[in-house]
Each structure stands twice: as C-alpha cells, then as structure tokens.
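Enquirer: The structure that follows is given in the form of structure tokens.
Residue numbers (my numbering), protein chains in the order written: chain V, 1 to 215; chain G, 1001 to 1215.
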C-alpha cells in the first residue's frame, strides 16, 4: 500500500519504519522535500522509502498518518488537503504546548480538539483520531506492554473509516482491543487524557504504559 | 471519627452514607444549616448524622471531604477555611461545566486545577485530590468493578496526608492500589481525564468503570 506519513520527528519515523517493515511504500511528508532529517530517514529506509512535501506525500498515498507536532498539524494538513480528498487520515498528533517546559499544557482539547480541527480543515477526508494516547513505540507494537492487554481508543465521524483503522491497529500493530469512542468530537477525550498521561509518565518514570478500561 | 462532608448532592450523600456505615460521625456541610435535602439526609442517617453550614461542619470535623459541585467548591472551602486549619481535606470535586449540556467541558484543569485552587484557598490545610476519576458508588466500593482490579490516583503536596488518604481508600473503601501522581499540580491530570471519562461513559453506557495502568 502507498502510505503518507506527515512529520519527520520520532513519531513519524517510528510509524514510517513499521510501515516499511510491513512492506508498504512510505512517503514521508515535510514542509520541504529536501528536509535533512527526512532525507536521511528515506535513505536509510531503502527503495520503498521517500520524502516529499506534504502535498506530494498526500497525492502519492492511499492512506495517510498525521504525525506532525500539534502546532504544525493544521498548516501541514491544509498543504496536503487536495491530495487527501476521499482518503483516510489517521490523526496521531496531540495539542501539546511545551512553551513553558515539562509537563506540557494543551492548546486545545476541552471545547474543541486537534482531531476536530483536522476534520474541519479536510472536509473531504475521513479523519480518525487514534494512537495519540500512547508513546510511539507502543503505537506500532501494542504487545510491548502487558502482552497487549490494554485498550486502543479511536474517534471519527465515519463508521467504515473507523472499521478500517481498527483493522490496521489489530493486524499491523498488534492491538487486541479497540474502543470506538464515537464521533470526532470524542477526540477531546483522548487529547485531554494527555494531561494525565504526562503525570503518569512522571510518577512511573516510563512511557511504556497504557490504560485498560476495567468494568 | 468526626468527619465533614461538604455538599448535599449524590456524591456527598454516597460518601456520607458509607462513612456512617463505617461507624463515623458525619456532619454534612451546606450553604445553609436548614438545607432541605441535607436535613432529610441527616434524619435518615440517624444519631451520628447531622447537617451544618460549611463552617460548622469544618469546625466539627477531624477530616473533611469536598463533594461540592465544581463551581461551588471554592466558595464552600473559603467559608470552611478557619475550621479546616491543620486538618486533611480530601478533594473529590471536579471542574465540570454543564452549562452547554452533556458532555460537560472543564472550567479549569489545563494550566491550573480545582485541586490547586482548593490548596491555595486553604493554605493551612492539607489538600489531597482523590477519587474524582470514578463514579461515586465506585469511590466507596472499589470492588464493585472488576473485583477492585483498577487504580486509584491521588495528588497532594504532603506525603503524610497522602499516606493517610491511601490508607482510607484501602481500608474504608476497598481500593487495592493507589498511585501517588505527585504534588497537587498533578490534579490537572485526573481532572482533565474527566474529558475522557465522559466519552467512555457515553461509549459504554455505564459509569461503572475505572482505568488500570498497564505496564
């Protein structure tokens, strides 16, 4: 499958590398098609890895992952909008504001969310919020923690798109359970949870954890 | 033990009833010592149950629970401040804003929290945030869900006060595990989590759940 991964940071690299391992063709999207870190990633990734602008990566892909930083997400998605029409975007980004250091605050997530902003910026794209509530190594290898005995949480307006994301999480990334929280406004839930995630990270001294909903 | 429970709503009633069951003397605190619902609760509760103003309940008690609604919390605690000096306050309240219906938004929790506001309003009281991340029936009966196999999360500046709250949660309310998130600023974590809680409640159709941290 031809897949775009927006963002050249650690999340984009981790998602991109896993997709390459699975045999997909991956074009990393960046503000510049000559982005140094992106080019290095593409070189290391081999024949199926490449770098392009956000627009080029979107046009190339059948499916896209948004792994940009929170503040960079909407400009990136606006640049990619034409190429994403009719496609599925898995939005992994979080509205984290590190301007005052660690722990970060959230620049949205209460009465709006980055997921909703992404859907509004891409009205002809099916946006599904997913994976944003765990560290990136866990996103692509759910069994890394507790043998996979924890819950994935997704949000989106389109049932078919959410079914596709559930399948991707289970078949590609080893997730055992995926809970559909509801429409894209429920992304406020998983984005706001980041405020607890950073405190759990601080208290436990590891990012290798996720929550399991106990009933 | 003489205990104050601030708030005459369902949370105050549930906490108050459990404390009575455990044999404690409970004075419910309200804006008015003739609050109709509070008087009915005290009458039903028997000889060890009574109603008073916030100030009267605070003066009476060795320990207090803040079960007021979010918007009502700080005025209630300011009214109780003198009587709470040198005592422990377990802050259960959440900054929920239902003014636009369900699901509620949060009126604080990102760069500040109700727990911190409570501690600032009561500089001579040891405030510990606890139990606010579960429904009230579960607060006082952790085994109600998954046999108690889930996590309590607490925040506070004073280690001894947190140890006391941990003991109360375990010995009085049946909690098996209590995670100390850190100082009172970590209340931002559990308060912000409410934004996810309301979505999990919506998706699952039950409030009888809690999270377990999986590592």
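Heads up, the beta-carbon is just placed ideally off N, CA and C, and yes, glycines get one too.
Hey, is residue 134 of chain V close to the ligand SAH, as in C-beta under 7 Å from one of its heavy atoms?
Expert: In the structure on display, the ligand SAH does not appear, and there are no ligands present to speak of.
Enquirer: Alpha carbon to alpha carbon, how far is residue 39 of chain V from residue 1136 of chain G?
Expert: If you number the first chain from 1, residue 39 of chain V lands on position 39. If you number the second chain from 1, residue 1136 of chain G lands on position 136. If I take the Cα positions, the gap works out to 54 Å.
Enquirer: As a quick exercise: from G/1048, G/1143, G/1065, G/1110, pick the residue whose alpha carbon is nearest that of residue 95 of chain V.
Expert: To locate residue 95 of chain V, count along the first chain from 1; it is residue 95. Of the candidates G/1048, G/1143, G/1065, G/1110, the one whose C-alpha sits nearest the C-alpha of residue 95 of chain V is G/1110.
Enquirer: Could you check what DSSP says for residue 1209 of chain G in three-state terms: helix, strand or coil?
Expert: On the second chain, residue 1209 of chain G is found 209 positions in, with the first residue counted as 1. In this structure, residue 1209 of chain G counts as coil in the three-state DSSP scheme.
Enquirer: State the DSSP-derived secondary structure class of residue 1017 of chain G, mapped to helix, strand or coil.
Expert: For this step, residue 1017 of chain G is matched to residue 17 along the second chain. Helix.
Enquirer: Take residue 1091 of chain G as the anchor and find which of G/1211, G/1108, G/1107, G/1116 has the nearest alpha-carbon.
Expert: The count along the second chain starts at 1 and reaches residue 1091 of chain G at position 91. With distances taken between Cα atoms, residue 1091 of chain G lies closest to G/1116.
Enquirer: Considering only the alpha carbon of each residue, which of V/81, V/46, V/169, V/80 lies closest to residue 132 of chain V?
Expert: Within the first chain, the letter at position 132 stands for residue 132 of chain V. When only C-alpha atoms are compared, the closest one is V/169.
Enquirer: Go to residue 1156 of chain G, then tell me how far its beta strand (DSSP E) extends in each direction, as first and last residue.
Expert: To locate residue 1156 of chain G, count along the second chain from 1; it is residue 156. Where residue 1156 of chain G is concerned, the enclosing beta strand (DSSP E) stretches over 1151-1156.
Enquirer: Please classify residue 103 of chain V: is it buried, with 16 or more other beta-carbons within 10 angstroms of its beta-carbon, or exposed?
Expert: As a working note, residue 103 of chain V is residue 103 in the first chain. The residue in question, residue 103 of chain V, is buried, as its Cβ has 16 or more Cβ neighbours within 10 Å.
Enquirer: Mind checking if residue 146 of chain V is an interface residue toward chain G, Cβ cutoff 8 Å exclusive?
Expert: Locating residue 146 of chain V in the first chain gives position 146, counting from the first residue. Yes - at least one Cβ of chain G is within 8 Å of the one on residue 146 of chain V.
Enquirer: Any C-beta of chain V within less than 7 Å: which residues of the region 1166-1182 of chain G qualify?
Expert: Listed in sequence order: 1179, 1180, 1181, 1182.
Enquirer: Once you ignore the five residues that flank residue 1079 of chain G on each side, which residues in its own chain have a CB closer than 6 Å to its CB?
Expert: Here residue 1079 of chain G refers to the residue found at position 79 of the second chain. The answer, listed in chain order, is 1054, 1055.
Enquirer: What's the C-alpha gap between residue 141 of chain V and residue 134 of chain V?
Expert: Here residue 141 of chain V is taken as the residue at index 141 of the first chain, counted from 1. Here residue 134 of chain V is taken as the residue at index 134 of the first chain, counted from 1. So the two alpha carbons sit approximately 11 Å from each other.
Enquirer: Using a 10 Å radius around the Cβ and a threshold of 16 neighbouring Cβ atoms, would you call residue 1099 of chain G buried or exposed?
Expert: As a working mapping, residue 1099 of chain G is identified with position 99 in the second chain. Answer is exposed; the Cβ neighbour count stays below 16.
Enquirer: I'd like to confirm the pairing. Which residues does DSSP put opposite residue 1097 of chain G in its beta bridges?
Expert: Counting from one through the second chain, the residue named residue 1097 of chain G turns up at place 97. Looking at the DSSP assignment, residue 1097 of chain G forms a beta bridge with G/1105.
Enquirer: Can you find the residues in the same chain that come closer than 6 Å, C-beta to C-beta, to residue 1027 of chain G, ignoring five residues on each side of it along the sequence?
Expert: On the second chain, residue 1027 of chain G is found 27 positions in, with the first residue counted as 1. Closer than 6 Å at Cβ, skipping near neighbours: 1004, 1050, 1052, 1057, 1060.
Enquirer: Is the distance from the Cβ of residue 1006 of chain G to the Cβ of residue 1065 of chain G below 8 Å?
Expert: By one-based count along the second chain, residue 1006 of chain G stands at place 6. By one-based count along the second chain, residue 1065 of chain G stands at place 65. Yes.
Enquirer: Please check if any C-beta of chain G sits within less than 8 Å of the C-beta of residue 98 of chain V.
Expert: Here residue 98 of chain V refers to the residue found at position 98 of the first chain. Cβ-Cβ to chain G under 8 Å: no for residue 98 of chain V.
Enquirer: Tell me whether residue 1198 of chain G sits in a helix, a strand or coil according to DSSP, three-state version.
Expert: Working through the second chain from its first residue, we reach residue 1198 of chain G at position 198. Three-state DSSP puts residue 1198 of chain G in a helix.
Enquirer: With a threshold of 8 Å between beta-carbons, can residue 1212 of chain G be considered close to chain V, or not?
Expert: What you label residue 1212 of chain G is simply residue 212 of the second chain in a count that begins at 1. Cβ-Cβ to chain V under 8 Å: yes for residue 1212 of chain G.
Enquirer: Under 8 Å, do residue 130 of chain V and residue 165 of chain V count as touching if we go by C-beta distance?
Expert: Here residue 130 of chain V refers to the residue found at position 130 when the first chain is read from its first residue. Here residue 165 of chain V refers to the residue found at position 165 when the first chain is read from its first residue. Yes; because the gap between Cβ atoms is below 8 Å, this pair is in contact.
Enquirer: Nearest CA to the CA of residue 1175 of chain G: which residue from G/1120, G/1139, G/1199?
Expert: Locating residue 1175 of chain G in the second chain gives position 175, where the first residue counts as 1. Per the Cα distances, G/1139.
Enquirer: With residue 1122 of chain G and residue 1081 of chain G assumed to form a contact (beta carbons below 8 Å), what rounded beta-carbon distance in angstroms separates them?
Expert: The count along the second chain starts at 1 and reaches residue 1122 of chain G at position 122. The count along the second chain starts at 1 and reaches residue 1081 of chain G at position 81. Yes, they are in contact, since the Cβ atoms of residue 1122 of chain G and residue 1081 of chain G sit about 6 Å apart, within 8 Å.
Enquirer: Scan the region 37-74 of chain V and note each continuous beta strand (DSSP E) run of 3 residues or more that stays entirely inside, going in chain order.
Expert: Taking only runs of at least 3 residues, the beta strand (DSSP E) segments lying wholly in the region 37-74 of chain V are 49-53, 63-66.
Enquirer: What's the C-alpha gap between residue 1171 of chain G and residue 1147 of chain G?
Expert: Residue mapping note: residue 1171 of chain G aligns to position 171 of the second chain, counting from 1. Residue mapping note: residue 1147 of chain G aligns to position 147 of the second chain, counting from 1. Their backbone Cα atoms lie some 15 Å apart in a straight line.
Enquirer: Give me the chain G residues within the contact set of residue 71 of chain V, using Cβ-Cβ distance strictly less than 9 Å, ordered along the chain.
Expert: Start at 1 with the first residue of the first chain, and residue 71 of chain V comes out as number 71. Within chain G, no residue comes near residue 71 of chain V; the closest Cβ sits about 16 Å away, beyond 9 Å.
Enquirer: With a cut-off of 8 Å, does the C-beta of residue 1186 of chain G fall near any C-beta of chain V?
Expert: Taking the second chain and counting its residues from 1, one reaches residue 1186 of chain G at position 186. Yes, because at least one Cβ of chain V sits closer than 8 Å to the Cβ of residue 1186 of chain G.
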